[in-house]
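So the sequence lines, in the order shown, correspond to chains A and B.
So for the first sequence, this note's numbering puts the first residue at 1; every next one is plus one.
So for the second sequence, this note's numbering puts the first residue at 1; every next one is plus one.
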Amino acid sequence: MKKLVAMALALVLGISCLAGCGSQDSGATTAAAGATQEQNAGGESEAAGETQAAGNTAGAPSGTIDLSQFEDDDIGVCLVINTNLGDKSICDLSYAGLQQIGTDYGVRVKCIELGGDATKQVPTFIDLAEDPDWDIIIAGTPNLRESILEVAGDYPEQFFILYDAAVANADEGVTSEDYPNVYSMEHAQNEGSYVVGAAAAMLTTSGDPKTNEEHIIGFVGGGQNTAIEDFLVGYIEGAKAVDPEIKVLVSYIGSFSDSAKGKELAMAQIDQGADVVFAVAGGAGLGVLAGCAEKGVYAIGVDGDQYEILKDDDPTTAAAICTSMQKKCDQTVYSCVSGALEGTLPYGTYDKLGLADGVVGSADNENFRAIFTEEQIASLKDLEAKVASGEVSVFTAIGADDASIQAVKDSVQ
Amino acid sequence: MDKIFAAIFTPEFLFSVIRVSTPLILGSMAALICNRGGMLHIAFEGIMLSAAFFGMLTSAVTQSVLLGILGAVAGGLLISLLLGYFNLVLNSDRTLTGIALNTFASAGTVFALYLLVQDKGTSSSLPSLVVPNIDIPLLKDIPVLGTILSGHNALTYAAFLIVFLTYLIIFRTPLGLRIRTVGENPNAAASVGINVLKIRFITLAISAVVASLAGAYMSMGYLSWFSRDMMAGRGFMSIAAQNLGAALPLPSLLASLAFGAVTALANVLQTLNMPSEIIQAMPYVATLIGLGFFGYGAQKSSQKRSKAVLEKARAAEEKA
């Protein structure tokens, strides 16, 4: 009897393991000879062209994998994310881009979630570098930079892609050339944030029924790192371009998952007069959006078009999202990995992509059109074009020292 | 500086103190009941998390807020009774079991969430319900007081009611007397015919019901969805608040409100362009300082007590 129970338990455990991992290895069964891969990619290249049209700086995907750079034709791409999927933001977007790669190129794809545990970073990268199953390792955000560089130095044969963070760091004396097996890129989130900052300033000064008389807007960040500060300084500069006297309240949650705290911080800002709050906090940002909806003010989403993401499940919260500062990590991951597969990705270099490349920008949807007037939309589009063309240059936190970032923050107190 | 005062001395700030304190008040009452029964454990975080998950799930399935709360209570009881079974029946170490159950609740709820909605972050795609906010008639029309005290979540009012109920149950009923007796000295309790095991399970169950309401508040009031590890240390802060309150209802309530006030203060100070790293640590530093003061006070009073006892004994000896 005992044996039977033990066997049944083992079976349940085994099945649940399979159920857990099964969905992640989507491309596993399609990996076959090169010929089938090409067919596969050809058949779906139309769909790919539609969703991934903009921001493909590595050249339009030809759909052909350059097999000479890999040991065999069984190619695996592994995405490592610092937190967890399900944030409706950067992680989910990155994984969506990876899954698209899996269907378009017929390669094996996998996503490893570190759950915010920093001690898992280096061992995970070492395991992946040692494992011959994974040819391309891609990871994002500044939180993973140091670990990836540590492992990349020890495994010069393994290729790494680091997005949303730079290899080079002037303080440490590190340059991109020091790591010839790592390609890194950053988004000019300050450019997109400039546009949504201007949009926020327009709303708070417009006399819209959901806004108050004070010209105060808010910003809630997940934590203080270069990327978040870059969002912030762009947002401030954009708001100042519309109203030089504007005040910006700034809070940090100290977590990218504590949505209750996000909501509380947003409400604290709203109590102090903020009527548009920009949430830049991954999953914790959902709390910020909910807080704005509850208090009847506007919110600005991040990374994805959060109005489109939430409008079916949570229409009241979605209605409060006047726009989103899109950082299209799905396109980034897609273009980086497709470049790597086709052998066109320049390892050992660094790129910074912004509005002109279409990887960042403010979301344009029905809610945006309903909240802003025709005039406001026109001037926002005009501003966007000016930033994209370089006519307006936006201060960036990337490479800036703390004092000058603080000076920008102090200018709107 | 005047900016800080302008931000703090507003009815909205005091309203937010009560909102932030609610889970701490409920949690500290749950810890108090356990402490009185000699069953203080560290699994409140897990109990609340499980309750938050099952409350959200039941309300989404049944579309009834009341059933949702009952579901939350069931979810909390599950973890609490598991603790009771391991600790009281199988004689496992209570702290280690508490750690295990907290980890189990954290991972188990995410696993269940993934099975249900294929999402490891939040349950926002499930149509779960929230406990309504209540405007108290008459009170809500009083200018400042109304803004502070009216319009809270129903569970917030329940929390204050439960502080009173805890006092009644623990200090004014035969059951409370038994719970306290078992807590003080289980052998003595057994010698007068009290079923110690039964009383301990009852202690765990009552405290789990209270703690579950804190979980329900998080996923069905404070937020309208369940998200992974959403308790974020509130269970542990409740235990500290209860300790600070010396396991007495009113002082524990005040300690919870004090923690809530520090947390709310930290939220406000952040917006005033102060270094966020220091401010984020404030609630935890306040907990440490509070516990330090409490420890010092307790030591002093016990020294005083022993001195008094000694002097009494000496006086008695001299008389003899």
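Even glycine gets a Cβ: it sits at the ideal position worked out from N, Cα and C.
Burial state of residue i, where buried means 16 or more other Cβ atoms lie within 10 Å
i	result
Val250 (chain A)	buried
Arg145 (chain A)	buried
Gln413 (chain A)	exposed
Val309 (chain B)	exposed
Ile289 (chain B)	exposed
Lys300 (chain B)	exposed
Asp117 (chain A)	exposed
Glu229 (chain A)	buried
Ile148 (chain A)	buried
Ser255 (chain A)	buried
Val394 (chain A)	buried
Thr287 (chain B)	buried
Leu85 (chain A)	buried
Glu311 (chain B)	exposed
Gln406 (chain A)	exposed
Gly234 (chain A)	buried
Residue i versus the options, residue with shortest Cα-Cα distance
i	options	result
Gly262 (chain A)	B:Glu12, B:Leu14 and B:Val20	B:Val20
Gly75 (chain B)	B:Ala261, B:Val144 and B:Ala211	B:Ala211
Leu232 (chain A)	A:Ala397, A:Asp401 and A:Val182	A:Ala397
Gly333 (chain B)	B:Ala261, B:Glu12 and B:Ala43	With chain B covering only 1 through 320, there is no way to say anything about residue 333 (chain B).
Ser404 (chain A)	A:Ala356, A:Leu289, A:Thr226 and A:Ile75	A:Thr226
Ser257 (chain A)	B:Ser227, B:Phe259 and B:Ala281	B:Ser227
Asp87 (chain A)	B:Val110, B:Val144, B:Gly98 and B:Leu83	B:Val110
Leu66 (chain B)	B:Leu129, B:Asn87, B:Val89 and B:Ser92	B:Leu129
Val17 (chain B)	B:Gly260, B:Val268 and B:Trp225	B:Gly260
Asp401 (chain A)	A:Ile161, A:Asn169, A:Glu294 and A:Gly354	A:Asn169
Ala320 (chain A)	A:Leu85, A:Asp72, A:Lys381 and A:Leu203	A:Leu203
Leu77 (chain B)	B:Lys3, B:His41 and B:Val209	B:Val209
Leu324 (chain B)	B:Phe160, B:Thr58 and B:Phe164	The displayed coordinates of chain B run from 1 to 320. Any statement about residue 324 (chain B) would go beyond what the structure contains.
Pro174 (chain B)	B:Gly295, B:Ile194, B:Ser252 and B:Pro137	B:Ile194
Ala318 (chain A)	A:Cys329, A:Ile137 and A:Ile300	A:Ile300
Ala240 (chain B)	B:Ala30, B:Ala6, B:Asp2 and B:Glu12	B:Ala30
Beta-carbon proximity list for residue i, same chain, < 7 Å, skipping 5 on both sides
i	result
Arg36 (chain B)	Ile170, Ile179, Arg180, Gly183 and Ala247
Gly55 (chain B)	Gly68, Ile69, Gly71, Ala72, Gly75, Gly215, Ala216, Ser219 and Met220
Tyr347 (chain A)	Phe159, Pro180, Asn181, Val182 and Tyr183
Glu177 (chain A)	Gly348
Leu14 (chain B)	Ile148
Phe86 (chain B)	Ser92 and Thr97
Residue i - partner residues in DSSP beta bridges
i	result
Val250 (chain A)	A:Phe219
Gly207 (chain A)	Looking at the DSSP assignment, Gly207 (chain A) forms no beta bridge with any residue, so it has no partner.
Met185 (chain A)	A:Tyr163 and A:Asp351
Leu79 (chain A)	A:Cys111 and A:Ile138
His152 (chain B)	B:Ile134
Phe278 (chain A)	A:Phe219 and A:Ile300
Val174 (chain A)	A:Asn169
Ser21 (chain B)	Its beta-bridge partners do not exist; DSSP assigns none.
Ser362 (chain A)	A:Met325
Ser92 (chain B)	Ser92 (chain B) is not bridged to any residue.
Ser302 (chain B)	Beta-bridge pairing links Ser302 (chain B) to no other residue.
Thr396 (chain A)	DSSP, once it has assigned bridges, lists no residue as partnering Thr396 (chain A).
Thr415 (chain A)	The structure shown does not extend to residue 415 (chain A), since chain A is modelled only from 1 through 413, so no value can be given for it.
Ser335 (chain A)	Per DSSP, none; premise fails for Ser335 (chain A).
Thr122 (chain B)	B:Ser227
Same chain only: Cβ atoms within 6 Å of residue i, ignoring 5 sequence neighbours per side
i	result
Ala363 (chain A)	Asp305, Thr323, Ser324 and Gln326
Ala198 (chain A)	Gly238, Ala241, Val242 and Leu383
Thr367 (chain A)	Looking at the sequence provided, one finds Asn at residue 367 (chain A) rather than Thr. Within the same chain, Asn367 (chain A) has close Cβ partners Tyr307.
Pro186 (chain B)	Val196
Ala201 (chain A)	Ala239, Val242, Asp243 and Ile246
Gly291 (chain A)	Lys263, Ala266 and Met267
Gly153 (chain A)	none
Ala264 (chain B)	Ser16, Val17 and Val20
Ala258 (chain B)	none
Val262 (chain B)	Met282, Pro283 and Ala286
Thr175 (chain A)	Ala168
Residues near residue i in its chain [Cβ-Cβ closer than 8 Å; skip 5 each side]
i	result
Glu157 (chain A)	Asn181
Lys140 (chain B)	Gly146, Ser150 and Gly151
Okay, do the segment 332 to 351 of chain A and the segment 100 to 110 of chain A touch, 3+ Cβ pairs below 8 Å being the bar? Touching, yes, given that three or more Cβ pairs across the two stretches are closer than 8 Å.
Inter-stretch contact (C-beta, 8 Å, three-pair minimum) for the segment 45 to 54 of chain B and the segment 233 to 242 of chain B: Yes, they touch.
Cβ contact (3+ pairs, closer than 8 Å) linking the segment 101 to 108 of chain B and the segment 120 to 131 of chain B: Counting Cβ pairs under 8 Å, fewer than three are found: no touch.
Contact the segment 367 to 380 of chain A vs the segment 127 to 134 of chain A: 3+ CB pairs below 8 Å: As far as the Cβ criterion goes, the segment 367 to 380 of chain A does not touch the segment 127 to 134 of chain A, which means the pair count is below three.
Using 8 Å as the threshold, is the segment 214 to 222 of chain A in touch with the segment 276 to 285 of chain A, meaning 3 or more CB pairs across them? Contact between the segment 214 to 222 of chain A and the segment 276 to 285 of chain A is present, because at least three Cβ pairs lie under 8 Å.
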